[in-house]
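Number of protein chains: 2
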Amino acid sequence: MGFPKIFHDLIESLSQFPGVGRRSAERMAFYILKMQPKEVSELARRIEDVQKFIKPCALCNNFSTEEICSLCSSPKREKDVLCIVEEPKDIMAIEKTSQYNGLYYVLLGSISPLDGIEDLNIGKLLRRIASNQIKEVIISTDPDNDGELTAQFLIQKLSPYKVKIYRIAIGIPLGTQIEYIDSATLGKALMDRKPV
Amino acid sequence: MGFPKIFHDLIESLSQFPGVGRRSAERMAFYILKMQPKEVSELARRIEDVQKFIKPCALCNNFSTEEICSLCSSPKREKDVLCIVEEPKDIMAIEKTSQYNGLYYVLLGSISPLDGIEDLNIGKLLRRIASNQIKEVIISTDPDNDGELTAQFLIQKLSPYKVKIYRIAIGIPLGTQIEYIDSATLGKALMDRKPV
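If you read the protein sequences in the order shown, they are chains A and B. Following my numbering, the numbering of the first sequence begins with 604 at its first residue and continues without gaps. Following my numbering, the numbering of the second sequence begins with 604 at its first residue and continues without gaps.
Written out as structure tokens, the structure reads:
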């Protein structure tokens, strides 16, 4: 196309990202060409750094540059509540709400029969529950098929322990209109109605 | 937010890109963490390479890793037609059409009174026209205010030379419905009607 191969290579790499189409990748590549050399090496360094230095927290599997992540080691967090999520990005979403101040455990996946995943390695989680420091778990897996199966799986595995088990509330989202809500959610919200 | 600083730094860098919001930058950062280490260093290298090795072609200002770009040096291109565009990305768009086989000249900007740009350095272009190798120029600046002013500027500067001057056709785009076309374009298309 009249442009140097290394330029097309970069566009190729950028269009691998989720949600980044060919056109966006082109715009990003043009933008990179116009950036200050210092900014470019900074960007390249940051990309390499996250992979080089970030590993799962030994306690909760959250992203961390230390053995124990900043959440697990924070003196400000409640140490007896554990929110179980599928992926580290779920932690980001929950932290943004400022409504939760306990600890997390990241499953790094979910039960997914379609992908042949019918079991999860939760030894680390069970050992932690067995140590009796956790009084409450809040199962916050996604409200989809795999997430619900994962929740059932966790409930079964955790029931033998002396711990209160909660599931995050599923219902109609704020700011929506009932007429537009899918009927599965609406039905679930009616079944799970809360006394006032 | 419970994630390592280097992770937030990366999100920060990625959200600088045009069209990349906070959420997309987060998704890209999560994706980078899951990439193979080899792919990550490849991506970082490609980002640095484009800036390190790409410079303007000495003849036409197009992106090039060589003194003269692949289009200017191609034996397959017509050497007496010159398409004048504002930016290298316009070359990419025109090349995709496969409807043009001449050479290019990139202005690297446009007349823009609002930005205080009322003149363009086109010495290199004029010397090339003066050398009498170009028989036709096609002014392909954007059909907006600045692009039209730039076209007028070029017409004035090029008129003294023995060269046929064209402006790329402006009119109603293919695949649209006349009722939805903005009236400026529609008016221009009527004025510029073509005999059949």
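Using N, Cα and C, we set each Cβ at its ideal position, and we do this for glycine too.
Worksheet entry | CA nearest to the CA of Glu-548 (chain A), picked from B:Lys-692, B:Asp-612 and B:Arg-649 | As shown, chain A starts at 604 and ends at 799. That puts residue 548 (chain A) outside it, with no answer to give.
Discussion item. Let me make sure I understand the geometry here. Which of B:Ser-616, B:Leu-711, B:Phe-633 and B:Gly-622 has the alpha-carbon closest to that of Cys-660 (chain B)?
Written reply: The residue you call residue 660 (chain B) lines up with position 57 of the second sequence. Nearest option by C-alpha distance: B:Leu-711.
Discussion item. Quick check on DSSP: helix, strand or coil for Leu-685 (chain B)?
Written reply: Counting from 1 along the second sequence, the entry for residue 685 (chain B) is found at position 82. The answer is strand: DSSP assigns Leu-685 (chain B) an E or B state.
Discussion item. Against chain B, with Cβ distances strictly below 8 Å, would Ala-792 (chain A) count as a contact?
Written reply: Sequence index remark: in the first sequence, residue 792 (chain A) carries index 189 (1-based). Chain B, which has no Cβ nearer than 8 Å to the Cβ of Ala-792 (chain A), makes this no.
Worksheet entry | Spatial neighbours of Leu-613 (chain A) in its chain, beta-carbon cut-off 6 Å, leaving aside the 5 residues before and after | Numbered from 1 along the first sequence, position 10 holds the residue referred to as residue 613 (chain A). Correct list, in chain order: Ala-632.
Worksheet item: From Arg-649 (chain A) to Ile-781 (chain B), what does the alpha carbon distance come to, in whole angstroms?
Response: Start at 1 with the first residue of the first sequence, and residue 649 (chain A) comes out as number 46. Start at 1 with the first residue of the second sequence, and residue 781 (chain B) comes out as number 178. One C-alpha to the other measures close to 49 Å.
Worksheet item: Of the choices B:Asp-749, B:Ser-644, B:Glu-698 and B:Arg-625, whose alpha-carbon is the least far from that of Ser-713 (chain B)?
Response: Working through the second sequence from its first residue, we reach residue 713 (chain B) at position 110. That would be B:Asp-749, whose Cα lies nearest to the Cα of Ser-713 (chain B).
Practice prompt. Check whether the Cβ of Pro-691 (chain A) lies closer than 7 Å to any heavy atom of the ligand NAP, and answer yes or no.
Written response: Although the ligand NAP was asked about, the structure shown includes no ligands whatsoever.
Worksheet entry | Beta-carbon proximity of Cys-575 (chain A) to Ile-671 (chain A), cut-off 8 Å | Absent from the structure is residue 575 (chain A), since the part of chain A shown begins at 604 and ends at 799.
Item to complete: Look at the alpha carbon of Ala-792 (chain A) and the alpha carbon of Thr-668 (chain A), and state the distance between them as a whole number of angstroms.
Response: The residue you call residue 792 (chain A) lines up with position 189 of the first sequence. The residue you call residue 668 (chain A) lines up with position 65 of the first sequence. Those two C-alpha atoms are separated by around 40 Å.
Discussion item. So if I threshold CB-CB distances at 9 Å, which residues from the stretch 644-669 of chain A count as touching chain B?
Written reply: Ser-644, Glu-645, Leu-646, Ala-647, Arg-648, Arg-649, Ile-650, Glu-651, Asp-652, Val-653, Gln-654, Lys-655, Phe-656, Ile-657, Asn-665, Phe-666, Ser-667, Thr-668 and Glu-669
Discussion item. Helix, strand or coil, according to DSSP, for Ser-734 (chain A) in the structure here?
Written reply: Stepping through the first sequence from its first residue, residue 734 (chain A) is reached at position 131. Reduced to three states, the DSSP call for Ser-734 (chain A) is coil.
Item to complete: Would you kindly report the start and end of the unbroken alpha helix (DSSP H) that includes Ile-758 (chain B)?
Response: In the second sequence, the residue the question calls residue 758 (chain B) occupies position 155. 748-761 is the span of the alpha helix (DSSP H), which, as asked, contains Ile-758 (chain B).
Practice prompt. Measure from the C-beta of Ser-701 (chain A) to each C-beta in chain B and report whether the shortest distance is under 8 Å.
Written response: Reading the first sequence from its first residue, position 98 is the one you call residue 701 (chain A). No, Ser-701 (chain A) does not count as interfacial toward chain B.
Fill in: Distance, Lys-738 (chain B) Cα to Asn-704 (chain B) Cα
The sequence position of residue 704 (chain B) within the second sequence is 101, counting from 1. The sequence position of residue 738 (chain B) within the second sequence is 135, counting from 1. The alpha-carbon atoms of Asn-704 (chain B) and Lys-738 (chain B) are separated by roughly 14 Å.
Discussion item. So Ala-787 (chain A) contacts chain B; which residues on that side make the cut at Cβ distance below 8 Å?
Written reply: Here residue 787 (chain A) refers to the residue found at position 184 of the first sequence. Simply none; closest approach about 25 Å.
Worksheet entry | Residues of its chain near Asp-718 (chain B), where Cβ-Cβ distance is below 6 Å and the 5 sequence neighbours each way are ignored | By one-based count along the second sequence, residue 718 (chain B) stands at place 115. So the list is empty, once near-sequence residues are dropped.
Discussion item. So, for Ile-773 (chain A): in the same chain, excluding its five sequence neighbours on each side, which residues have a beta-carbon less than 6 Å away from its beta-carbon?
Written reply: Translated into positions along the first sequence, residue 773 (chain A) becomes position 170. Result list for Ile-773 (chain A): Pro-746 and Lys-791, in chain order.
Discussion item. Would Thr-788 (chain B) and Ile-771 (chain B) be called neighbours here (beta carbons separated by less than 8 Å)?
Written reply: Along the second sequence, one-based indexing puts residue 788 (chain B) at 185. Along the second sequence, one-based indexing puts residue 771 (chain B) at 168. No, the pair does not count as a contact, with Cβ atoms beyond the cut-off.
Worksheet item: Are Ile-725 (chain A) and Lys-682 (chain A) touching if we call contact CB-CB under 8 Å?
Response: Residue 725 (chain A) sits at position 122 when you count from the first residue of the first sequence. Residue 682 (chain A) sits at position 79 when you count from the first residue of the first sequence. Not a contact, by the Cβ cut-off of 8 Å.
Worksheet entry | Status (buried if at least 16 other CB within 10 Å, exposed otherwise) for Leu-729 (chain B) | Here residue 729 (chain B) corresponds to residue number 126 of the second sequence, with the count starting at 1. The residue in question, Leu-729 (chain B), is exposed, as its Cβ has fewer than 16 Cβ neighbours within 10 Å.
Worksheet item: Can Asn-665 (chain A) and Gly-605 (chain B) be called in contact, C-beta distance under 8 Å?
Response: Walking along the first sequence from the start, residue 665 (chain A) turns up at place 62. Walking along the second sequence from the start, residue 605 (chain B) turns up at place 2. Yes, Cβ-Cβ distance for Asn-665 (chain A) and Gly-605 (chain B) is below 8 Å.
Worksheet item: Is the CB-CB distance between Ile-657 (chain A) and Pro-716 (chain B) below 8 Å?
Response: Translated into positions along the first sequence, residue 657 (chain A) becomes position 54. Translated into positions along the second sequence, residue 716 (chain B) becomes position 113. The answer is no: Cβ separation not under 8 Å.
Worksheet item: At what residue ranges does the stretch 701-734 of chain B contain a whole run of the alpha helix (DSSP H), taking only runs of 4 or more?
Response: 726-733
Discussion item. If I follow the unbroken alpha helix (DSSP H) through Ile-635 (chain A), where does it start and stop?
Written reply: As a working mapping, residue 635 (chain A) is identified with position 32 in the first sequence. 625-637 is the span of the alpha helix (DSSP H), which, as asked, contains Ile-635 (chain A).
Practice prompt. Find the nearest neighbour of Asp-652 (chain B) within the set A:Pro-640, A:Phe-756 and A:Gln-654, judged by alpha-carbon distance.
Written response: Here residue 652 (chain B) is taken as the residue at index 49 of the second sequence, counted from 1. Minimum Cα distance to Asp-652 (chain B) is reached at A:Pro-640.
Item to complete: For Gln-736 (chain B), I'd like the list of residues in its chain whose CB is within less than 8 Å of its CB, leaving aside the five on either flank, ordered along the chain.
Response: Taking the first residue of the second sequence as 1, we reach residue 736 (chain B) at position 133. If we look at Gln-736 (chain B) and ignore the five residues flanking it on each side, its Cβ neighbours are Lys-682 and Asp-683.
Discussion item. Less than 8 Å between CB atoms is the rule here; does Pro-678 (chain A) satisfy it with respect to chain B?
Written reply: The count along the first sequence starts at 1 and reaches residue 678 (chain A) at position 75. It does not; no Cβ of chain B falls within 8 Å.
Discussion item. Looking at the strands, I want to know which residues DSSP matches up with Val-740 (chain B).
Written reply: Residue 740 (chain B) sits at position 137 when you count from the first residue of the second sequence. Per DSSP, B:Leu-685 and B:Ile-768.
Worksheet item: If you follow the alpha helix (DSSP H) that Ile-609 (chain A) is part of, which residue opens it and which one closes it?
Response: By one-based count along the first sequence, residue 609 (chain A) stands at place 6. Start and end: 608-617.
Practice prompt. Helix, strand or coil for Pro-678 (chain B), going by three-state DSSP, please let me know.
Written response: For the purposes of this step, residue 678 (chain B) is taken as residue 75 along the second sequence, with counting starting at 1. Residue state, collapsed to three classes: coil.
Worksheet item: Closer than 8 Å, CB to CB, is Ser-715 (chain A) near chain B or not?
Response: Here residue 715 (chain A) is taken as the residue at index 112 of the first sequence, counted from 1. No, because no Cβ of chain B sits closer than 8 Å to the Cβ of Ser-715 (chain A).
Discussion item. Counting only Cβ pairs nearer than 7 Å, list the residues of chain A close to Ser-673 (chain B).
Written reply: By one-based count along the second sequence, residue 673 (chain B) stands at place 70. Near Ser-673 (chain B) (Cβ distances below 7 Å), the residues of chain A are Gly-605.
Worksheet item: So Leu-636 (chain A) and Gln-654 (chain B) are in contact, right, with Cβ under 8 Å, and what is the actual spacing, rounded?
Response: As a first step, residue 636 (chain A) is located in the first sequence; it is residue number 33 there, counting from the start. As a first step, residue 654 (chain B) is located in the second sequence; it is residue number 51 there, counting from the start. About 6 Å; that satisfies the 8 Å criterion.
Discussion item. Can you confirm whether Asp-612 (chain A), when its beta carbon is compared against all beta carbons of chain B, has any partner nearer than 8 Å?
Written reply: Within the first sequence, the letter at position 9 stands for residue 612 (chain A). Closer than 8 Å to some Cβ of chain B, the Cβ of Asp-612 (chain A) qualifies, so yes.
Worksheet item: Rounded to whole angstroms, how far is the Cβ of Tyr-764 (chain A) from the Cβ of Ile-741 (chain A), which I believe are closer than 8 Å?
Response: Taking the first sequence and counting its residues from 1, the one referred to as residue 764 (chain A) is at position 161. Taking the first sequence and counting its residues from 1, the one referred to as residue 741 (chain A) is at position 138. About 15 Å; that fails the 8 Å criterion.
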